[in-house]
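Here the structure is laid out as structure tokens; the discussion comes afterwards.
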Amino acid sequence: MRIYTRSGDKGKTSLIHGDRVPKSHERVEAYGTCDEANSVIGVAISYLRKEDFTGRDKMLEEMNRIQTILFHVGAELATPKGKEVFWQLKKEHVNELEALIDQWDEDLPDLKNFILPTGVEAAAHLHMARTVVRRAERYASALEEELNNPLAVSYLNRLSDLLFVAARYVNHTLEGTETNLNPDV
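Set out below in structure tokens:
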């Protein structure tokens, strides 16, 4: 299989099951942004692997699972409404994120201010991934009537929350600095 097909040279791409749409279509924006978020999570993981902290292996395992599910969410978003979805996002996937949020948040100091997306490299990239997931969520929610599975929006919403808590957890664990927003600027 070749990497290049030349089929997208005129600004159109194929969805799952072969429907062709412009590359600027909201559906392409939604699943493409999931792919972008997945890549940013991958960068964060590369920094996490360099650190030694309690719970690192579990966090890496969870991030790998999240990347896999996020890939599948992108595939769901690339499937036109009414067509067969090859993998189905379930409520349990959203629940898993909530359980992780609760677990990691348990060890964190209470937030009393807005914080800036800063800290150690892994945390900064988790913050970046969070913002990319939020964008994917906005694109996916714009497709609300065309989605095969409305849980995609819920999953993306919860994933952005998890990435925020994960960034805080990594900063806290690695003694990175959380920078409070200065409201007087």
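Under UniProt numbering, the sequence shown has 100 at position 100, and the numbering climbs by one with no breaks. C-beta: ideal position from N, C-alpha, C; glycine also.
Give every residue of the same chain whose Cβ lies closer than 7 Å to the Cβ of Phe53, excluding the five residues on either side of it in the sequence, and list them in chain order.
Correct list, in chain order: Thr173 and Leu174.
Taking three-plus beta-carbon pairs below 8 Å as touching, is the segment 148 to 155 in contact with the segment 68 to 77?
They touch, by the three-pair rule.
Spell out a yes or no on whether the segment 131 to 139 and the segment 27 to 47 are touching, meaning 3 or more CB-CB pairs, one atom from each, closer than 8 Å.
Per the Cβ contact rule, the segment 131 to 139 is in contact with the segment 27 to 47 (3 or more Cβ pairs under 8 Å).
Which runs of the alpha helix (DSSP H) fall wholly inside the segment 17 to 89 and span at least 4 residues, in chain order?
26 to 48 and 56 to 77
For the candidate residues Val21, Val165, Gln103 and Asp19, whose alpha-carbon lies nearest to that of Ala123?
Val165
Where His125 falls, given that 16 or more other Cβ within 10 Å makes a residue buried:
buried
Under DSSP, the beta strand (DSSP E) around Lys12 begins and ends at which residues?
Counted as a single uninterrupted DSSP element, the beta strand (DSSP E) harbouring Lys12 occupies residues Lys12 to Ser14.
Quick check: the segment 11 to 22 against the segment 103 to 118, are at least 3 beta-carbon pairs closer than 8 Å?
no
Of the residues Glu61, His17, Asp105 and Pro80, the one placed nearest Glu144, counting alpha carbons only
Pro80
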